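I have placed the structure first, in the form of structure tokens, so that the comments after it can refer back to it.
Numbering (our numbering), first residue to last: -6 to 60.
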């Protein structure tokens, strides 16, 4: 799965966002490839905002990034 291209500002929390989004997507019954895509979007979004907590994305923000 190719992650979205973003301009990284701060990678603090990007891995946490990825793992959390992957867990949520899989718990909701999303297929593995789609869950990984969603997780990549969450991690990528988190890297675009300075700070761990402010960078935590909402579902809508991840979906907007992924198109």
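For every residue, glycine included, the Cβ atom is placed at its ideal position computed from N, Cα and C. Note that the coordinates shown come from a computational prediction; the quantities given were computed from them, not determined experimentally.
C-beta contact flag for residue i and residue j at 8 Å
i	j	result
residue 38	residue 50	yes
residue 18	residue 32	yes
residue 15	residue 34	no
residue 30	residue -6	yes
Member of the options whose CA lies at the smallest distance from the CA of residue i
i	options	result
residue -2	40, 52, 45 and 53	40
residue 9	60, 26, 44 and 59	44
residue 0	42, 60 and 54	42
Neighbourhood of residue i by C-beta distance below 6 Å, restricted to the same chain and skipping five residues each side
i	result
residue 36	7, 10 and 11
Span of the alpha helix (DSSP H), counted from its first residue to its last, around residue i
i	result
residue 56	52 to 59
Same chain, Cβ closer than 7 Å to residue i, five either side skipped, listed in chain order
i	result
residue 26	-6
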